[in-house]
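Below is one structure, written out as C-alpha cells; the observations come after it.
Number of protein chains: 4
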Amino acid sequence: MALQKLSHMDELISNRIKESFSKQGFMETLGAEIILIEKGKVIIQCPFHSKLSQQNDFFHAGVMTSIVDSACGYAAYTMMPNQSDVLTVEFKINFLKPANTNNIYAIGTVIQAGRKLVICDGIVTNEKQDKVFAKMTATLITINK
Amino acid sequence: MALQKLSHMDELISNRIKESFSKQGFMETLGAEIILIEKGKVIIQCPFHSKLSQQNDFFHAGVMTSIVDSACGYAAYTMMPNQSDVLTVEFKINFLKPANTNNIYAIGTVIQAGRKLVICDGIVTNEKQDKVFAKMTATLITINK
Amino acid sequence: MALQKLSHMDELISNRIKESFSKQGFMETLGAEIILIEKGKVIIQCPFHSKLSQQNDFFHAGVMTSIVDSACGYAAYTMMPNQSDVLTVEFKINFLKPANTNNIYAIGTVIQAGRKLVICDGIVTNEKQDKVFAKMTATLITINK
Amino acid sequence: MALQKLSHMDELISNRIKESFSKQGFMETLGAEIILIEKGKVIIQCPFHSKLSQQNDFFHAGVMTSIVDSACGYAAYTMMPNQSDVLTVEFKINFLKPANTNNIYAIGTVIQAGRKLVICDGIVTNEKQDKVFAKMTATLITINK
C-alpha cells in the first residue's frame with residue numbers, strides 16, 4: 013500500500029477530520045496518522061514501536077482496536093452533515109493473526125449510513141494488504157452539535 | 013474503590029501475571045496498573061493524562077478498550093494451568109457514557125471457563141463504581157506453550 | 013422460576029407489548045410466551061418441542077437467540093414514550109452451554125436507556141436459573157411512529 | 013440468484029452436511045433449504061410465511077439470524093476433518109434493513125480456519141443480492157467426536 017495522498021473530495025470534511033484527529037492526544041501517543049480520506053473510507057497508519065507492544069513484542073490488540081475504531085469513526089464522519097459529530101455506540105472485533113509487522117493499516121469503510129446510525133466495517137492489515145490481523149464491525153451515532 | 017492489595021491466592025499465578033503485564037510496553041505507555049488479582053477477576057486502573065484523550069479531552073475509547081481487554085485476558089489467565097498462555101479471540105464492547113473522570117478502572121470477570129475457551133465480562137467504571145462507561149464481553153482461548 | 017403474574021405497572025405499556033407480541037407469527041411458531049413484564053425487564057418462556065431442535069435434539073441456537081432478542085426488545089419497549097416503536101440495531105450472543113432442558117427462559121434487562129438508544133443484557137436460562145445457556149448484549153433504537 | 017446445484021466438491025462432506033441439516037427440526041420448521049455447498053461457503057434459502065413474521069409482517073430478525081447462523085456453521089463444517097463436529101461459540105449481527113421480501117438467502121463464508129477455531133462472515137440478502145438485510149460475524153469451534 014503506497015502512502016496515498018488525500019483525495020480532493022470535500023476539502024471541508026477532510027479538514028474537519030484532520031482537525032479532530034489532531035485533537036486526539038491518544039492518536040499522537042500511538043504515532044498514528046491518517047493517510048487516506050474518501051467519501052465513506054478512511055485509512056490510518058501506525059508504525060511499530062516497543063511502547064505499543066504486548067508481551068510477545070507484537071502490536072498490542074488495544075493498539076489495533078484503537079486505530080481501527082478511529083478509522084471507522086472518521087469514515088462515518090465523511091457521510092455526515094457539517095454540524096454533526098459522531099460517537100461509537102459499540103463494536104465487535106475478531107483478532108485473526110498476531111500483528112508481527114513494521115506498520116499496521118486500519119481501513120474503515122461505511123457499509124450503511126442512515127439518518128442517525130452509521131454501520132462500518134474495519135480491518136487491520138499490513139502494507140501489502142495480504143494479511144488481515146483483525147476485523148471489526150462498528151455502530152456509530154450522529155450527534156447534532 | 014480503595015486501592016486493593018493483591019490477594020494471597022496463588023502467588024505463582026499472580027507473579028506470572030505481573031511478569032506478563034510488565035512486558036506489555038503498551039500498558040506502561042497507558043500508565044495502567046493491575047490493582048487486584050483474584051481467581052477469575054482482575055482490576056486494572058488507569059489515571060487520566062492528556063496523551064490518552066479523544067477530541068473532547070475525555071479518555072479515548074481505545075484506552076478504555078485496551079485496559080478492559082487486558083483485565084479480561086488476565087482474569088482468564090487466573091483459571092489456567094501453568095504451562096498455558098491466553099489469547100483474545102474476539103470481543104464486543106458498548107460505550108455507555110463519556111469517561112470524563114480522573115481515573116478509570118477496568119474489571120474483568122470470568123463467567124465461564126472451559127477446557128479451551130474462557131468467556132469474560134468486562135466493565136470500565138469510575139472509582140466509586142457508580143458509573144459504567146463501557147461494557148465488554150470477550151472470548152479467549154488457551155494456548156499450550 | 014414460578015410462572016409470574018404480570019405486574020401492575022403501566023397497564024398501557026403492558027397491553028401494547030402483549031398486542032405487539034401477539035402479532036409476531038414467529039413467536040407463536042416457537043410456542044413462546046411472555047411471563048413477566050416490568051419496567052426495564054421482560055421474561056419469555058419457551059417449552060421444548062422437536063420442531064425447535066438442532067441436530068442433537070437440544071434447543072436450536074436460533075430459538076434461544078430469537079426469544080432473548082424479543083425479551084430485550086420488549087424490555088426496551090417498557091422504557092419508551094407511547095408513540096414510539098423499537099428496532100434491534102444489533103446484538104452479540106455467546107453460547108455457553110447446550111440447552112438440554114424442557115423449558116428455556118429468556119430474560120431481557122435494560123442497562124441503559126438514552127433518548128434514542130437502549131442497551132440491554134439478555135440471558136437464556138433454565139427454570140431454576142442455575143444455568144446460563146446463552147448471554148446477549150443488544151443495542152436497540154427508538155423510532156417515532 | 014438462480015437456484016444453484018450443489019457442486020461436486022467433496023461428496024462426503026456435502027452428504028454429511030445434508031444429513032446434519034435434515035436432523036435439525038428447527039430448519040424444517042422455518043422451511044429453510046440448503047441451496048449451495050462449496051468449500052468454505054454455504055447458502056441457505058428461506059421463503060416467507062406468516063408464521064415467520066414479526067409484528068409488521070416482515071421476516072422476524074430471529075429467522076434471519078437462525079438461517080445465517082446455520083449457513084456460517086455449515087460453511088465452517090466444509091473445512092473440517094471427517095470426525096469433527098462444529099459448535100457456534102458466539103456471533104454478532106447487525107440488522108441493516110427490514111426484510112420485506114419473498115425469499116431470503118443466508119450466505120455463510122469462512123474467512124479464517126484455524127486448528128480449533130473458524131471465523132465466518134454471514135449476510136442475509138434477497139434473490140438479486142442487491143440488498144443486505146443483516147450482517148454477521150461468527151466464531152465457531154471444532155469438536156472431536
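Chains as they are written, first to last, in the numbering used here: chain A, 13 to 157; chain B, 13 to 157; chain C, 13 to 157; chain D, 13 to 157. The beta-carbon is built from N, C-alpha and C at its ideal position, and this holds for glycine as well.
{"query": "With a Cβ-Cβ cutoff of 8 Å, do K35(C) and D97(C) count as a contact?", "result": "no"}
{"query": "For F60(A), which three-state DSSP category applies?", "result": "coil"}
{"query": "Closer than 8 Å, CB to CB, is T149(D) near chain A or not?", "result": "yes"}
{"query": "Determine the DSSP secondary structure at E102(C), reduced to helix, strand or coil.", "result": "strand"}
{"query": "Would you mind working out which of L64(C), A88(C), Y89(C) and I29(C) sits nearest T77(C), comparing C-alpha positions?", "result": "L64(C)"}
{"query": "Of all the CB atoms in chain B, is at least one closer than 8 Å to the CB of L129(D)?", "result": "yes"}
{"query": "Counting only Cβ-Cβ distances shorter than 9 Å, please list the residues of the region 92–110 of chain C near chain E, keeping chain order.", "result": "You won't find chain E in this structure, because its protein chains are A, B, C and D."}
{"query": "Using only the alpha-carbon positions, how far apart do C58(D) and G43(D) sit?", "result": "6 Å"}
{"query": "Along chain D, in chain order, which residues have C-beta atoms closer than 7 Å to that of T90(C)?", "result": "Under the 7 Å cutoff, chain D gives no residues; its nearest Cβ is about 16 Å from T90(C)."}
{"query": "Select from D142(C), G126(C) and K140(C) the residue whose C-alpha is nearest the C-alpha of G52(C).", "result": "G126(C)"}
{"query": "Do we get a CB-CB distance below 8 Å when we pair F71(B) with the residues of chain C?", "result": "no"}
{"query": "So what's G37(C) in DSSP terms, helix, strand or just coil?", "result": "helix"}
{"query": "Relative to the C-alpha of I135(A), which residue among G37(A), A150(A) and A118(A) is closest?", "result": "A118(A)"}
{"query": "Applying a beta-carbon distance threshold of less than 7 Å, which residues of chain B neighbour Q124(C)?", "result": "L108"}
{"query": "Let me know if D142(B) comes out buried or exposed under the rule of 16 or more other beta-carbons within 10 Å of its beta-carbon.", "result": "exposed"}
{"query": "May I have the straight-line CA-CA distance separating V80(A) from L108(B), to the nearest angstrom?", "result": "19 Å"}
{"query": "How would you call L152(C), buried or exposed, if buried means at least 16 neighbouring beta carbons within 10 angstroms?", "result": "buried"}
{"query": "Could you check whether the Cβ of S26(C) sits closer than 7 Å to any heavy atom belonging to the ligand MN?", "result": "With respect to small molecules bound, the structure shown includes none, and the ligand MN cannot be examined in it."}
{"query": "Kindly list, in the order they appear in chain D, the residues whose Cβ is closer than 8 Å to that of Q36(C).", "result": "S65, Q66, Q67 and H72"}
{"query": "Is I49(D) closer than 8 Å to T90(D) when the C-beta atoms are compared?", "result": "yes"}
{"query": "Which one of A111(D), V75(D), I131(D) and E139(D) has the shortest CA to CA distance from T41(D)?", "result": "V75(D)"}
{"query": "Which residues in the same chain have their Cβ closer than 7 Å to the Cβ of N106(D), if we skip the five residues on either side of it in sequence?", "result": "A146 and K147"}
{"query": "Select from the region 29–55 of chain B all residues with a C-beta closer than 9 Å to any C-beta belonging to chain A, and list them in chain order.", "result": "E31, S32, F33, S34, K35, Q36, G37, F38, M39, E40, T41 and L42"}
{"query": "Work out the CA separation of F103(A) and M92(D) for me, nearest whole Å.", "result": "29 Å"}
{"query": "In whole angstroms, what is the alpha-carbon distance linking C84(D) and S26(C)?", "result": "37 Å"}
{"query": "Could you tell me whether any Cβ in chain C is nearer than 8 Å to the Cβ of Q16(D)?", "result": "The pLDDT assigned to Q16(D) is 47, lower than 50, so where the model puts this residue is not dependable; a value taken from the coordinates is nonetheless given after this. No, its Cβ sits nowhere closer than 8 Å to a Cβ of chain C."}
{"query": "Which value, in whole angstroms, describes the spacing of the CA atoms of D22(B) and S32(B)?", "result": "16 Å"}
{"query": "For I155(A), count neighbouring Cβ atoms within 10 angstroms of its own Cβ and tell me buried if that reaches 16, exposed if not.", "result": "exposed"}
{"query": "With 16 other CB atoms within 10 Å as the buried threshold, where does Q66(D) fall?", "result": "buried"}
{"query": "In angstroms, rounded to a whole number, what distance separates the CA positions of I47(A) and K30(C)?", "result": "52 Å"}
{"query": "Within the continuous alpha helix (DSSP H) that includes A73(D), where are the two ends?", "result": "A73 to Y89"}
{"query": "V136(D) CB to nearest chain C CB: under 8 Å?", "result": "no"}
{"query": "Tell me, please, which residues DSSP counts as bridged to A125(C).", "result": "V130(C)"}
{"query": "Leaving out five residues before and five after L99(D) in sequence, what residues of the same chain have Cβ atoms less than 7 Å from its Cβ?", "result": "L152, I153 and I155"}
{"query": "Of all the options I55(B), R28(B), A87(B) and G37(B), which has the alpha carbon lying nearest to the alpha carbon of L129(B)?", "result": "A87(B)"}
{"query": "Given this structure, state the Cα-to-Cα distance separating F71(D) from V144(A), to the nearest angstrom.", "result": "34 Å"}
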